[in-house]
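Take a look at the structure below.
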Amino acid sequence: MIIELGHFALILAALVGVVQMVVPLIGAHKGWRGWMALADPAATVQFLLVGFSFAALTYAFVVSDFSLRLVVANSHSDKPMLYKISGVWGNHEGSMLLWLLILVLFGACASWFGSNLPASLRARVLGVQAAVSVAFYAFILFTSNPFERLEFPPFNGQDLNPLLQDPGLAFHPPFLYLGYVGLSMSFSFAIAALLEGRVDAAWGRWVRPWTLAAWIFLTIGIALGSWWAYYELGWGGFWFWDPVENASFMPWLLAAALLHSAIVVEKRESLKAWTILLAILAFGFSLLGTFIVRSGVLTSVHAFANDPERGVFILMILAIFVGGGLLLFALRAKAMESKGVFGLVSRETALVSNNVLLAVSSFVVFWGTIWPLVVELASASPVWRGGMANPFYALGLFDKPEQVSVGPPFFDFAFTLIFVPLTIILPVGAVLAWKRGSLSKAMKSMAPVAALAIACGSLAFALQTGRSALGPIGVILGVWVVGGACMDIWLRTGRGAISARLKRLTRLPRADWGKFTAHSGLGISVFAVAALLAWEAEDIRVAQVGDRWDVGIHEIELASVVEIDGPNYYGEGGEMNVYRNGRAVGQVFAEKRIYPVAQMPTTEAGIRNGFLRDVYIVLGDPQTGGGWAVRTYIKPFANWIWGGAILMALGGFISLSDRRLRVAAGAAKSASNAVPAE
Amino acid sequence: MRWLAFVLCLAAAPLAAVQPDEILDDAALELRARALSEGLRCPVCRNESIDESNAGISRDLRILLRERLVAGDTDDQAVQYLVDRYGDYILLSPRVEGANFALWLAAPLMLLLAGGIAAVTIRGRSRAAGPEELSAEEQARIDKIMRS
Numbered sequence: 165m166i167i168e169l170g171h172f173a174l175i176l177a178a179l180v181g182v183v184q185m186v187v188p189l190i191g192a193h194k195g196w197r198g199w200m201a202l203a204d205p206a207a208t209v210q211f212l213l214v215g216f217s218f219a220a221l222t223y224a225f226v227v228s229d230f231s232l233r234l235v236v237a238n239s240h241s242d243k244p245m246l247y248k249i250s251g252v253w254g255n256h257e258g259s260m261l262l263w264l265l266i267l268v269l270f271g272a273c274a275s276w277f278g279s280n281l282p283a284s285l286r287a288r289v290l291g292v293q294a295a296v297s298v299a300f301y302a303f304i305l306f307t308s309n310p311f312e313r314l315e316f317p318p319f320n321g322q323d324l325n326p327l328l329q330d331p332g333l334a335f336h337p338p339f340l341y342l343g344y345v346g347l348s349m350s351f352s353f354a355i356a357a358l359l360e361g362r363v364d365a366a367w368g369r370w371v372r373p374w375t376l377a378a379w380i381f382l383t384i385g386i387a388l389g390s391w392w393a394y395y396e397l398g399w400g401g402f403w404f405w406d407p408v409e410n411a412s413f414m415p416w417l418l419a420a421a422l423l424h425s426a427i428v429v430e431k432r433e434s435l436k437a438w439t440i441l442l443a444i445l446a447f448g449f450s451l452l453g454t455f456i457v458r459s460g461v462l463t464s465v466h467a468f469a470n471d472p473e474r475g476v477f478i479l480m481i482l483a484i485f486v487g488g489g490l491l492l493f494a495l496r497a498k499a500m501e502s503k504g505v506f507g508l509v510s511r512e513t514a515l516v517s518n519n520v521l522l523a524v525s526s527f528v529v530f531w532g533t534i535w536p537l538v539v540e541l542a543s544a545s546p547v548w549r550g551g552m553a554n555p556f557y558a559l560g561l562f563d564k565p566e567q568v569s570v571g572p573p574f575f576d577f578a579f580t581l582i583f584v585p586l587t588i589i590l591p592v593g594a595v596l597a598w599k600r601g602s603l604s605k606a607m608k609s610m611a612p613v614a615a616l617a618i619a620c621g622s623l624a625f626a627l628q629t630g631r632s633a634l635g636p637i638g639v640i641l642g643v644w645v646v647g648g649a650c651m652d653i654w655l656r657t658g659r660g661a662i663s664a665r666l667k668r669l670t671r672l673p674r675a676d677w678g679k680f681t682a683h684s685g686l687g688i689s690v691f692a693v694a695a696l697l698a699w700e701a702e703d704i705r706v707a708q709v710g711d712r713w714d715v716g717i718h719e720i721e722l723a724s725v726v727e728i729d730g731p732n733y734y735g736e737g738g739e740m741n742v743y744r745n746g747r748a749v750g751q752v753f754a755e756k757r758i759y760p761v762a763q764m765p766t767t768e769a770g771i772r773n774g775f776l777r778d779v780y781i782v783l784g785d786p787q788t789g790g791g792w793a794v795r796t797y798i799k800p801f802a803n804w805i806w807g808g809a810i811l812m813a814l815g816g817f818i819s820l821s822d823r824r825l826r827v828a829a830g831a832a833k834s835a836s837n838a839v840p841a842e
Numbered sequence: 114m115r116w117l118a119f120v121l122c123l124a125a126a127p128l129a130a131v132q133p134d135e136i137l138d139d140a141a142l143e144l145r146a147r148a149l150s151e152g153l154r155c156p157v158c159r160n161e162s163i164d165e166s167n168a169g170i171s172r173d174l175r176i177l178l179r180e181r182l183v184a185g186d187t188d189d190q191a192v193q194y195l196v197d198r199y200g201d202y203i204l205l206s207p208r209v210e211g212a213n214f215a216l217w218l219a220a221p222l223m224l225l226l227a228g229g230i231a232a233v234t235i236r237g238r239s240r241a242a243g244p245e246e247l248s249a250e251e252q253a254r255i256d257k258i259m260r261s
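Order-wise, the sequence lines are chains A and B.
According to my numbering, the first sequence holds residues 165 to 842 in order.
According to my numbering, the second sequence holds residues 114 to 261 in order.
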C-alpha cells in the first residue's frame, strides 16, 4: 500500500510540476502577481510529494519488500542496513528518483530562501526549474518506474553489487547528484534572466551561491569516488579517465569557470553574456553526464541500441533544454550589454584566461570521451545498416572501420597541456587589480614565491633517485600555487607594521579566506598527483607466511593468513607487519572477500595511512607451490590528493558563508527598487 | 558505471593484476613490458589497461607481450604484433594518423581559437576603456595621498 501511495505521490508531483511550469511563467510575462505567487507553494508541494515518494521506496528497501522488482534486483535480507538504504540509489531507477528529489529540493530552496529575489525573476526561475523536473518526471514514470511490482515475489533478493557495499560509495552518488542538479539552478537563473532581459550585479550575486554550492558538492562527490577507487579496486589508482568519471569532471570544470565569471558579473557587471552561456553549458554537461552514465552509450553504440528508450529520452531532454537555452541565448544575448570596461592587464582579463582554460579543458575532455563514438558512427558500423549508406564512410575519411580507444595517455597529455598554464597564471592573476592592473607589480610581489617554488623544485630534483622531471615540476607548481595564495592574502592586509597586518588578516572578508583555502587546495592536489605518479614504489612477489621483504624504506612481513567471516561475505585476510628501520610501525590487514549471493570476489587492500606516504598491500591468490601472491605499493602523498580536494570544497563553503552573500537581501531590495515595476 | 566493468573483469577470472609468475627475470625487459602494457587496453574491460586488469585475457596478453620482448622484438614490433591480432581498439592512446589528427590536435586548436576570441574581445573592451594612463604628475600626487 505504501508503495502505491509513493507511486501515486510521484504522479501527483508531476502534475503539480506541470502547473508550476506553466502558470508562473505566464504570470511573469503578463505581470500578474497572483499567477506568479503560485510558484512558491507549488515548489514546496512538489518537494513534499517527491520526498514522500522517495521515503516510500526507501521503506521498501528497509523492510526488504521483495514484491518490488527493484528491491529484488538490488537488495538481500542479509545486507547491513546502511547498504539496504544506499541500495535505493545504487541502481538506475532509484538513482533517477534521487536525482529528481534533489532537483525539487533545490527548487523548494529557491522558493524558501529566495524572498530577496524580485517576484518576476523568482517566478521565472521556479518555472524553468519545474520544466526541468517535468522532463524527469516523464522520464521516470514512462521509462524507469521504480515502483513496479512483481507478480510472483521471490523469497530473497539478488544483492547489491558488492563493490558498491562500501561507505565511500554509499555517499558518492548523492553528493555527485547534489552537484549535477545544483547546476540546474544556475541554468534556471540564466534562462530566467534571458526571459527577463536583464542581467545585473544583483543577478550575479544570486546565481553565485547556487553555482558555488553545486561546485562544492561536485568536488566532494568526485573526491569520494576517487578515494573509493583508490582503496577498493586493489591497485591504488585514483583516476582513470573513464567516461563515467569524465561525465562528472566536465561539469566540475565548467562550474569552476562559471563561479569565477559570476564574480566578474557581480563586481564589474562585465562578461554577462558569457556567464549566461556558461551556465547553460554547465547544466548541459550535467545532463550529458547523466546521459552517458544512464544510456551506456560509450561502452558501445550497440549497448545503447539495446535499450534505446531511456537513452533517446535523456537525449531529447538534453536537446530541448540545451538547444532551447542556446536558441534563447542567441536571440537575447544582445540585450546583455556589458557596462564594465577593463584594460588589457586586469583581474577581469585574468579571470577570462581562467575561463578560457577551464572551458577548453572541459571541452577537450568531452571530445576525448566521445571520440570513440564519433569514430564508430563514422565507420562502417552496423548502426548504419538500416538501409542507409554511411555518409562519413562514403567520403573515405575513415579507411579503417574499427573501434578506437581513448585512454589515460591522451587525457594526460591534453589535460596537462591546459592545466599547467592555468596553475602558472593563477597566482599572478589573483593579485591583479580590477579594471586596470600592473603586470610588473604583480610579478614583483610574486617573485619571492617563484624563487621559493624553484628552490623547492631543485631540492626535490636533487633528493629523488630517478631523473624524472614530473616530481620536481609538481613541487614547483604546488609551491607556486600555495605560496601564491599565501602571498595573495598577505597583500590583502595592505601596508603597515606586521602586527597590524596580522590583526587585519583576521578581519578580512570570508570571501578572501575562501579564495585562499580553495586555491591552496588546488596547489596541494596538483603537487600530490605529480608526486604520487613520480615517486610511487611497487613490489610484486610470492610470500610465505613469515617472509619479510623490503619496499623502499619499509620492510613488510606476512605474519599470518586467517579465514574471515562477514555478515554477507567470507574470505581470507592477511595480517602484515610494517617495519621501518627495524622498528615495527604498524599492522595492516589485507582481505580477499567473496560475496556468495552475487558470486563475486572483491579485494580490500590493507592500507597504513601516513601523512607522507601510504603503505598499500593487496593479498592475491594462493600459489600452487605454497605461499600467497602479495603486492605492496608505497604511495607517497596519496592522502594529499583528497586533502587538497577537501580544502577546495572547504574554501567554497567559507566563501559561501561570506557576509556579502548572506546580507544580499538589502542589496537586492535596493536594486529591485531602483527598477520601475514592469 | 565503472563497477560494471569490474564485475565483468572479476567475473571472468578472479586473478589479481600482474602476477608474480609473469614477471621476467631480466629487470630491464620487465620494465619495458610494464611500460608497454600500461598503454594497452584490456579487451573485455571498460577502461583498464592490461597492466591493471584482473581479467584472464589481460593475463594472456601480458604473457604474450613478454614473450615477444624476450624473442627480441622492439617495443613497436611487440605492440604491432598485438594490434595486428586485436585491432587498434587495444591502444589506449590512439595513433596520430588519419582521422585521429582531429583528436590530438583538438586541445591545441581549441586553446588557440578560444584564446584568440578572448584576446580580440578583450582588446575591443579595453579600447573602449576610456581615459588613458595617469600622467606622471597625477601618479605622483596619488602616491603622496596614499602615503599620508
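Idealized CB from N, CA, C, for every residue including glycine.
Quantities reported herein were computed from a predicted structural model and do not represent experimental measurements.
* Taking any Cβ of chain A, which residues in the segment 188-206 of chain B have a Cβ under 9 Å from it, in chain order? -> Gly200, Asp201, Tyr202, Ile203, Leu204, Leu205, Ser206
* Asked: Ends of the beta strand (DSSP E) at Tyr759 of chain A?
  -> Counting from one through the first sequence, the residue named residue 759 of chain A turns up at place 595. Segment 747-759, the beta strand (DSSP E) holding Tyr759 of chain A.
* Between the CA atoms of Leu655 of chain A and Ser663 of chain A - distance to the nearest angstrom -> Position 499 of the first sequence, counted from the first residue, corresponds to residue 663 of chain A. Position 491 of the first sequence, counted from the first residue, corresponds to residue 655 of chain A. Whole-angstrom Cα-Cα distance: 14 Å.
* Let me know if Phe211 of chain A comes out buried or exposed under the rule of 16 or more other beta-carbons within 10 Å of its beta-carbon. => One-based indexing of the first sequence puts residue 211 of chain A at position 47. The residue in question, Phe211 of chain A, is buried, as its Cβ has 16 or more Cβ neighbours within 10 Å.
* Can you tell me where the beta strand (DSSP E) with Leu783 of chain A in it begins and where it stops? -> Start at 1 with the first residue of the first sequence, and residue 783 of chain A comes out as number 619. Residues 777-786.
* Kindly list the residues whose CB is nearer than 6 Å to the CB of Ser625 of chain A, restricted to its own chain and excluding five residues on each side of it in sequence; keep chain order. => Residue 625 of chain A sits at position 461 when you count from the first residue of the first sequence. Contrary to the premise, residue 625 of chain A reads as Phe rather than Ser in this sequence. So the list reads Pro636, once near-sequence residues are dropped.
* Does any C-beta atom of chain E lie closer than 8 Å to the C-beta of Pro786 of chain A? -> Included in the structure are the protein chains A and B, with no chain E among them.
* Please go through the same chain and pick out, in chain order, the residues whose beta-carbon is closer than 6 Å to the beta-carbon of Met259 of chain B, but skip the five residues on each side of it. => The sequence position of residue 259 of chain B within the second sequence is 146, counting from 1. Nothing listed; no residue qualifies.
* Cβ shell of Ile175 of chain A (< 7 Å), same chain only, five flanking positions each side left out -> The count along the first sequence starts at 1 and reaches residue 175 of chain A at position 11. Closer than 7 Å at Cβ, skipping near neighbours: Leu305.
* Asked: Run through DSSP, which three-state label would His240 of chain A get?
  -> On the first sequence, position 76 is the one that residue 240 of chain A refers to. Looking at His240 of chain A - three-state DSSP - the assignment turns out to be coil, as it is neither helix nor strand.
* Asked: Between the C-alpha atoms of Ile534 of chain A and Ala219 of chain A, what's the straight-line distance to the nearest angstrom?
  -> Counted from its first residue, the first sequence places residue 534 of chain A at position 370. Counted from its first residue, the first sequence places residue 219 of chain A at position 55. Rounded to whole angstroms, Ile534 of chain A to Ala219 of chain A spans 37 Å at the Cα level.
* Verify the CB distance criterion: does Gln252 of chain B have a CB-CB separation below 8 Å to chain A? => The residue labelled residue 252 of chain B in the question sits at position 139 within the second sequence. Not one chain A Cβ lies under 8 Å of Gln252 of chain B.
* Measuring alpha carbon to alpha carbon, tell me which of A:Asn280, A:Gln628, A:Ala173 ends up nearest Leu696 of chain A. => In the first sequence, residue 696 of chain A corresponds to position 532, counting from 1. Per the Cα distances, A:Gln628.
* Select from A:Leu445, A:Leu285, A:Asp323 the residue whose C-alpha is nearest the C-alpha of Gln763 of chain A. => Here residue 763 of chain A is taken as the residue at index 599 of the first sequence, counted from 1. The residue with the shortest Cα to Cα distance from Gln763 of chain A is A:Asp323.
* Using a Cβ-Cβ distance under 8 Å, would Phe562 of chain A count as near chain B? -> Reading the first sequence from its first residue, position 398 is the one you call residue 562 of chain A. Confidence in Phe562 of chain A is poor, its pLDDT being 45 and thus under 50, which makes the residue's placement too unreliable to answer from.
* Asked: Thr796 of chain A bridges to which residues according to DSSP?
  -> Translated into the one-based positions of the first sequence, residue 796 of chain A becomes position 632. DSSP lists A:Asp703, A:Ile781 as partners of Thr796 of chain A.
* Asked: In chain B, which residues lie with their C-beta within 7 Å of the C-beta of Thr850 of chain A?
  -> Residue 850 of chain A is absent from the model: chain A starts at 165 and stops at 842.
* Chain-order list of residues whose beta-carbon lies under 7 Å from that of Val235 of chain A (same chain, five-residue window excluded) -> Counting from one through the first sequence, the residue named residue 235 of chain A turns up at place 71. Excluding sequence neighbours, Val235 of chain A sits near Ala224, Phe225, Ser228, Asp229, Gly321.
* Cα-Cα separation between Arg824 of chain A and Lys431 of chain A, rounded to whole angstroms -> The sequence position of residue 824 of chain A within the first sequence is 660, counting from 1. The sequence position of residue 431 of chain A within the first sequence is 267, counting from 1. Going by the C-alpha atoms only, they are around 11 Å apart.
* By a C-beta neighbour count over all protein chains shown, 10 Å radius and 16 as the cutoff for buried, is Gln329 of chain A buried or exposed? -> In the first sequence, the residue the question calls residue 329 of chain A occupies position 165. Per the 10 Å Cβ criterion, buried.
* Asked: Which residues share a DSSP beta bridge with Gly770 of chain A?
  -> Position 606 of the first sequence, counted from the first residue, corresponds to residue 770 of chain A. Note: Gly770 of chain A sits in a beta bridge opposite A:Ile781.
* Inter-residue CB distance, Trp644 of chain A and Pro591 of chain A (contact presumed, cutoff 8 Å) -> Here residue 644 of chain A is taken as the residue at index 480 of the first sequence, counted from 1. Here residue 591 of chain A is taken as the residue at index 427 of the first sequence, counted from 1. Correct: roughly 6 Å between the Cβ atoms.
* **Spatial neighbours of Asn470 of chain A in its chain, beta-carbon cut-off 7 Å, leaving aside the 5 residues before and after** => Counted from its first residue, the first sequence places residue 470 of chain A at position 306. Its pLDDT being 48, under 50, Asn470 of chain A is placed unreliably by the model, and the measurement read from it follows with that caveat. Closer than 7 Å at Cβ, skipping near neighbours: no residue.
* Asked: In or out: Phe277 of chain A buried (at least 16 other Cβ within 10 Å) or exposed?
  -> Here residue 277 of chain A corresponds to residue number 113 of the first sequence, with the count starting at 1. Exposed.
* **Opening and closing residue of the alpha helix (DSSP H) in which Val183 of chain A lies** => Position 19 of the first sequence holds residue 183 of chain A. Its alpha helix (DSSP H) spans residues 166-194.
* Glu165 of chain B at chain A interface by Cβ criterion, 8 Å -> Here residue 165 of chain B refers to the residue found at position 52 of the second sequence. By this cut-off, Glu165 of chain B is an interface position.
* Asked: Relative to the C-alpha of Pro221 of chain B, which residue among A:Gly790, A:Val457, A:Gly215, A:Phe575 is closest?
  -> The residue labelled residue 221 of chain B in the question sits at position 108 within the second sequence. Minimum Cα distance to Pro221 of chain B is reached at A:Phe575.
* Asked: Looking at the C-beta of Val209 of chain B, does it have a partner C-beta in chain A at a distance below 8 Å?
  -> Counting from one through the second sequence, the residue named residue 209 of chain B turns up at place 96. Output row for Val209 of chain B: interface = no.
* Asked: Closest to Ala354 of chain A by CA distance: which of A:Leu340, A:Phe339, A:Trp370 is it?
  -> Residue numbering aside, residue 354 of chain A sits at position 190 when the first sequence is read from its first letter. Of A:Leu340, A:Phe339, A:Trp370, the residue nearest in Cα terms is A:Trp370.
* Nearest-angstrom Cα separation, counted from Glu700 of chain A out to Leu310 of chain A -> As a first step, residue 310 of chain A must be located in the first sequence, where it is residue number 146. As a first step, residue 700 of chain A must be located in the first sequence, where it is residue number 536. A quick correction: the sequence has Pro, not Leu, at residue 310 of chain A. Going from the Cα of Pro310 of chain A to the Cα of Glu700 of chain A covers about 45 Å.
* In whole angstroms, what separates the C-alpha of Pro565 of chain A from that of Glu540 of chain A? -> Reading the first sequence from its first residue, position 401 is the one you call residue 565 of chain A. Reading the first sequence from its first residue, position 376 is the one you call residue 540 of chain A. Because the pLDDT at Pro565 of chain A is just 44, under 50, the model does not fix this residue reliably, and the value given afterwards should be weighed accordingly. Going by the C-alpha atoms only, they are around 8 Å apart.
* **Nearest-angstrom Cα separation, counted from Ala813 of chain A out to Arg671 of chain A** => For the purposes of this step, residue 671 of chain A is taken as residue 507 along the first sequence, with counting starting at 1. For the purposes of this step, residue 813 of chain A is taken as residue 649 along the first sequence, with counting starting at 1. Between Arg671 of chain A and Ala813 of chain A, the C-alpha separation is close to 22 Å.
* In this structure, does DSSP put Tyr734 of chain A in helix, strand or coil? -> In the first sequence, counting from the first residue as 1, residue 734 of chain A sits at position 570. In this structure, Tyr734 of chain A counts as strand in the three-state DSSP scheme.
* Give a yes or no on whether the minimum CB-CB distance between Val547 of chain A and chain B is below 8 Å. => Reading the first sequence from its first residue, position 383 is the one you call residue 547 of chain A. Because Val547 of chain A carries a pLDDT of 48, less than 50, the predicted location of this residue cannot be relied on, and no value is offered for it.
* Closest Cα partner of Asp188 of chain B within the set B:Arg236, B:Glu251, B:Ala146 -> By 1-based counting over the second sequence, the position of residue 188 of chain B is 75. With distances taken between Cα atoms, Asp188 of chain B lies closest to B:Ala146.
* To do: On the DSSP bridge assignment, give the partners of Ser632 of chain A in chain order.
  => Locating residue 632 of chain A in the first sequence gives position 468, counting from the first residue. Beta-bridge pairing links Ser632 of chain A to no other residue.
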